[in-house]
Amino acid sequence: MLKIAVGVLSVACVIATVAVAQPVVDSVVFEHGQQLYQDHCALCHQDAGTGHPPAFPALSGNDQLGNPGRIVSTIRQGTGTMPPFPDLTAAEITAVATYIRNAWANGFGGVTTADATAVLKGLEADEDLASVWDVVFT
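When we follow our numbering, the leftmost residue of the sequence shown carries the number 80, and every step to the right adds one.
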């Protein structure tokens, strides 16, 4: 009986450790994403990711960041009041997505460039998107 109790307790400890372990994130990609976030996103979503709901949703603590494909497509195409960013490369979108998925209280893990590229290829069939700056410089 003692062996069973020790075995169950050991399994429970392993499961608990896995459940609270933060995903490993490439620090270079994260830092690049942080800079890109400051350059392109912080004005609306704020430095602390708190946003200005409902126009600019909070990114800190946002459970919708669990879907990396959704993040990649939203950055590329925009949505609602968020403009599209068609000039960002797959690597830059990967960095921004990795940053917002892991900054503040978030811990969703990184996004790979291969995953971002796959999502972006799926979006290529859509119409050409204008840059957020096209209105400013036309």
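We put the beta carbon where it would ideally sit given N, CA and C, even for glycine.
Mind checking which residues open and close the alpha helix (DSSP H) that includes residue i?
i	result
PRO147	147 to 156
HIS124	121 to 124
GLY201	192 to 202
THR177	169 to 181
Distance, Cα to Cα, residue i vs residue j?
i	j	result
LEU167	ARG155	8 Å
LEU144	GLY188	10 Å
ASP126	HIS119	11 Å
VAL103	ASN181	10 Å
VAL175	PHE109	8 Å
ILE150	PRO133	18 Å
GLY148	ILE179	13 Å
THR158	GLY128	17 Å
Should residue i be labelled buried (16 or more other beta-carbon atoms within 10 Å of its own) or exposed?
i	result
THR160	exposed
LEU122	exposed
GLU171	buried
VAL107	exposed
GLY201	exposed
ALA193	exposed
ALA195	buried
So residue i packs on residue j, CB below 8 Å; how close in whole Å?
i	j	result
ASN185	GLY130	Their Cβ separation, rounded to whole angstroms, is 13 Å, which puts ASN185 and GLY130 out of contact at 8 Å.
Could you tell me whether any non-hydrogen atom of the ligand NAD is closer than 8 Å to the CB of residue i?
i	result
VAL103	No copy of the ligand NAD occurs in the structure displayed, which carries no ligand at all.
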